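Colleague: Numbering (the working numbering), first residue to last: 421 to 735.
The beta carbon of each residue, even a glycine, is placed where N, CA and C say it ideally should be.
Because the structure is a prediction, the values reported are computed rather than measured.
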Ligand code: SF4
Ligand code: MG
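1) Does ligand 1 have a heavy atom nearer than 7 Å to the CB of residue 564?
2) Just to confirm before moving on: does the CB-CB distance between residue 664 and residue 640 stay below 8 Å?
3) Check whether the Cβ atoms of residue 700 and residue 607 lie closer than 8 Å to each other.
4) Does the beta carbon of residue 662 fall short of 7 Å from some heavy atom of ligand 1?
5) Could you give the distance in angstroms between the alpha-carbon of residue 647 and the alpha-carbon of residue 571?
6) Is residue 667 near ligand 1, going by C-beta to nearest heavy atom under 7 Å?
7) Using only the heavy atoms of ligand 1, determine whether one of them is closer than 7 Å to the beta carbon of residue 717.
8) Which whole-angstrom value is the C-beta distance of residue 562 and residue 575, which I expect to be below 8 Å?
9) Any chance you could list the alpha helix (DSSP H) runs of at least 4 consecutive residues sitting entirely within the region 439-514, in chain order?
10) Please name the residue in 599, 617, 450 whose C-alpha comes closest to that of residue 569.
11) Closest to residue 477 by C-alpha separation, out of 652, 547, 671, 425, would be which residue?
12) Quick check on the DSSP output: the beta strand (DSSP E) that includes residue 660 runs from which residue to which?
13) Helix, strand or coil: how does DSSP classify residue 430 here?
14) Taking only three categories from DSSP, how would you classify residue 526?
15) Please tell me whether residue 634 and residue 456 are closer than 8 Å, where the distance is taken between their beta carbons.
16) Does the contact criterion of 3 or more C-beta pairs under 8 Å hold for the region 681-696 versus the region 704-715?
17) Mind checking whether the beta-carbon of residue 726 lies closer than 7 Å to any heavy atom of ligand 1?
18) Which residue's Cα is closest to the Cα of residue 721: 661, 692, 681, 715?
19) Could you check whether the region 542-560 touches the region 434-454, counting it as contact only if at least three pairs of C-beta atoms, one from each stretch, sit closer than 8 Å?
20) For ligand 1, any of its heavy atoms closer than 7 Å to the Cβ of residue 699?
21) Taking 8 Å as the threshold, find out whether the region 536-552 comes into contact with the region 610-630 through three or more Cβ pairs.
22) Just the Cα atoms here: how many angstroms apart are residue 564 and residue 529?
23) So does residue 709 have its beta carbon nearer than 7 Å to some heavy atom of ligand 1?
24) Hey, is residue 465 close to ligand 1, as in C-beta under 7 Å from one of its heavy atoms?
25) What's the gap between the Cα of residue 613 and the Cα of residue 650?
26) Cβ of residue 597 within 8 Å of Cβ of residue 623?
27) Roughly how far, in whole angstroms, is the beta-carbon of residue 618 from the beta-carbon of residue 638, given that I think they are within contact range, below 8 Å?
28) Considering Cα atoms alone, identify which of 714, 542, 504 is closest to residue 696.
29) Report back the beta-carbon spacing between residue 588 and residue 709 to the nearest angstrom; my notes put them in contact at under 8 Å.
30) Need the endpoints of the alpha helix (DSSP H) that residue 671 sits in, please.
31) Ignoring anything shorter than 4 residues or poking outside the region 559-633, list the alpha helix (DSSP H) runs there in chain order.
32) For the beta strand (DSSP E) containing residue 542, list its first residue and its last residue.
33) Between residue 467 and residue 459, how many whole angstroms is the CB-CB distance? I'm expecting something under 8 Å.
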């Protein structure tokens, strides 16, 4: 609710704060139990920062995160540590997020030890079960991360995330580093696990086809703000925000009859340190009006849970 994350910009000999990068700038949304909410946007739009702020891996500058009726932002470090069991993260680069000096067995056992789960013998059996669960050989617990392929390493990252049987997983570009042929296997694994353990996903990616494949609802971010959020098919078939329309027009459609005009946006994404006044998209918007340069459009439900922030829709 009204999440903000501003990173200070420091400069000069005294490293004074001379401004802020508004990575996340007043974002509100909910993720329903058991669903996958996809968050899309170009790099630097604040989707990763949003995901990390939700898990409190970084502290929000302002705003509130509520999980299962509990306000996380008010929790002590110790209370938060216990809740971490329920909220896990899968990272983009499984190689960077797996300690190269630990065996895969140790990597998977670590969260169980931290949360005091089972005896040593029981934990070893759980590690084997986790490996089986993500489609890896249960006898490979003694191997090191570099002995696995990229896709297998992401399976290890996923096994580590489900080790504690969490309720929510924030997956930040979990398949972006993988070959296209491996991507769908990993997406299918995530879907199988979701069904098996009733997981809820906040799924962050820049690839619109990947997000379409896995999400129930999709939110689109631009310059630290959510500009549109709707049910997956509604968003892809009837995008209302000019930025979403432009993004989707760049995605190739398999059916040549369903030809869509490609919308080419002028200019680059402005700096999040100095976002444009009014609607942050206005310098690039093909439909810009006077009001767009002055007033920030409200992010509102236009019916059936289709949220849009655009003055065009307000008229
Ligand atoms: Fe374009 Fe105005 Fe809508 Fe922003 S508010 S997307 S500038 S029409
Ligand atoms: Mg990112």
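Modeller: According to the structure data:
1) no
2) yes
3) no
4) yes
5) 33 Å
6) no
7) yes
8) Actually they are not in contact, since the Cβ atoms of residue 562 and residue 575 sit about 17 Å apart, beyond 8 Å.
9) 467-474, 497-503
10) 599
11) 425
12) Where residue 660 is concerned, there is no enclosing beta strand (DSSP E), given that its DSSP letter is neither H nor E.
13) strand
14) helix
15) yes
16) yes
17) no
18) 661
19) no
20) yes
21) no
22) 14 Å
23) yes
24) no
25) 24 Å
26) no
27) Their Cβ separation, rounded to whole angstroms, is 21 Å, which puts residue 618 and residue 638 out of contact at 8 Å.
28) 714
29) Not really, about 39 Å apart at Cβ, beyond 8 Å.
30) Per DSSP, residue 671 belongs to no alpha helix (DSSP H) and is neither H nor E.
31) 570-582, 600-617
32) It is not in any beta strand (DSSP E) - residue 542 instead sits in the alpha helix (DSSP H) that spans 540-553.
33) 5 Å
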